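Student: Dropping the structure in here first, questions after.
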Amino acid sequence: MDKYETVKKIGEGSFGKAILVKSKQDGHQYVIKEIGISAMSSKERQESRKEVAVLANMSHPNIVQYKESFEEGGCLYIVMDYCEGGDLFKKINSQRGALFPEEKILDWFVQISLALKHVHDRKILHRDIKSQNIFLTKDGTVQLGDFGIARVLNSTVELARTCIGTPYYLSPEICENKPYNNKSQLLGSRTSY
Numbered sequence: 001m002d003k004y005e006t007v008k009k010i011g012e013g014s015f016g017k018a019i020l021v022k023s024k025q026d027g028h029q030y031v032i033k034e035i036g037i038s039a040m041s042s043k044e045r046q047e048s049r050k051e052v053a054v055l056a057n058m059s060h061p062n063i064v065q066y067k068e069s070f071e072e073g074g075c076l077y078i079v080m081d082y083c084e085g086g087d088l089f090k091k092i093n094s095q096r097g098a099l100f101p102e103e104k105i106l107d108w109f110v111q112i113s114l115a116l117k118h119v120h121d122r123k124i125l126h127r128d129i130k131s132q133n134i135f136l137t138k139d140g141t142v143q144l145g146d147f148g149i150a151r152v153l154n155s156t157v158e159l160a161r162t163c164i165g166t167p168y169y170l171s172p173e174i175c176e177n178k179p180y181n182n183k184s185q186l187l188g189s190r191t192s193y
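Its first residue numbered 1, the sequence shown is counted upward by one per residue in full-length UniProt numbering.
In structure tokens:
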């Protein structure tokens, strides 16, 4: 953490916490996801490091960009670009019942679809698509983030079987404990609005 100055904590979840930081080198702001791994089993540590591998291989304008990762003091730190516009969940709630223009919703949907296509072309299932994991940059670009429970498939026809994700955003086949693939994620992208 020597290269970064903490600005503030911006989130916390079962994974750990998200911290807004500023680079001491260039003043650029990033988000660091801090995951306590010292008390984890070796399998859990491996799963946490998997997110790093997934993010490191993603380069797309609609996916939160990975910068670097490191381990220090029993924690795994994942450094990513900061999306100044916050997440879609907060954006929707800030409307206080007012509707977004249809063009804006369509634009967001197209951007999320492009991100999902990029992810699925790499045989990856995000498995937690929801408005809290869809971020907005200051210019309004949509970026998909939080690949913490993503799964890499061996082929595009392989099916995943683990019931995992956020309940309100799950497709029927996941809820019914049936095998699923990337097509199941389309429901999550539609229910995020």
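All C-beta atoms in this analysis are idealised placements derived from N, C-alpha and C, irrespective of residue type, glycine included.
None of these values were measured; they are calculated from a predicted model.
Does Asp128 come out as helix, strand or coil in the three-state DSSP assignment?
Tutor: Three-state result, Asp128: coil.
Student: Taking Glu34 as part of the beta strand (DSSP E), name the residues at either end of that continuous run.
Tutor: Unbroken beta strand (DSSP E) run through Glu34: 29-36.
Student: Cα separation between Ile37 and Glu51?
Tutor: The straight-line gap from Cα to Cα measures roughly 13 Å.
Student: State buried or exposed for Ala115, treating a residue as buried only when at least 16 other CB atoms are found within 10 Å of its CB.
Tutor: With 16 or more Cβ atoms within 10 Å of its Cβ, Ala115 is classed as buried.
Student: When DSSP builds the beta bridges, which residues end up paired with Glu103?
Tutor: DSSP output for Glu103 lists no bridge partner at all.
Student: Check whether the Cβ atoms of Cys83 and Phe135 sit closer than 8 Å, and answer yes or no.
Tutor: Yes, the Cβ-Cβ distance between Cys83 and Phe135 is below 8 Å.
Student: Taking the beta strand (DSSP E) that Lys22 falls in, what are its first and last residues?
Tutor: Taken as a continuous stretch (DSSP letters only), the beta strand (DSSP E) holding Lys22 covers 16-23.
Student: Would Gly16 pass as a contact of Glu34 if the rule is Cβ separation under 8 Å?
Tutor: Yes, these two residues count as a Cβ contact at 8 Å.
Student: If you run the structure through DSSP and keep just helix, strand and coil, what is Asp81?
Tutor: Looking at Asp81 - three-state DSSP - the assignment turns out to be strand.
Student: Checking the sheet assignment: what are the DSSP bridge partners for Ser48?
Tutor: None; Ser48 has no bridge partner.
Student: Could you say if the stretch 105-122 and the stretch 72-82 meet the contact criterion of at least three C-beta pairs nearer than 8 Å?
Tutor: Because the criterion of three Cβ pairs below 8 Å is not met, the stretch 105-122 and the stretch 72-82 do not touch.
Student: Just mark Asp128 as buried or exposed, buried being the case when its beta carbon has 16 or more other beta carbons within 10 Å.
Tutor: Buried.
Student: Do Lys3 and Ile19 have their beta-carbon atoms positioned less than 8 Å apart in this structure?
Tutor: In this structure, Lys3 does not lie closer than 8 Å to Ile19 by Cβ.
Student: Can you tell me the Cβ-Cβ gap for Lys24 and Val7, rounded? I've got them flagged as a contact below 8 Å.
Tutor: With 8 Å as the limit, Lys24 and Val7 do not qualify as a contact, their Cβ atoms being about 12 Å apart.
Student: Is any non-hydrogen atom of the ligand FMN found closer than 7 Å to the C-beta of Leu106, if you look at the structure I gave you?
Tutor: Judged by which ligands are present, the structure shown has none, so any question about the ligand FMN falls away.
Student: Figure out for me which residue from Pro101, Ile32, Gly140, Ala53 has the closest Cα to the Cα of Glu72.
Tutor: Here the closest residue by C-alpha is Ile32.
Student: In terms of residue numbering, what span does the alpha helix (DSSP H) encompassing Phe89 cover?
Tutor: Segment 88-94, the alpha helix (DSSP H) holding Phe89.
Student: Across which residues does DSSP place Lys8 in a beta bridge pair?
Tutor: Partner(s): Leu20.
Student: Say whether the stretch 131-145 touches the stretch 84-92, bearing in mind that this needs 3 or more beta-carbon pairs closer than 8 Å, one atom from each stretch.
Tutor: Yes: at least three Cβ pairs fall under 8 Å.
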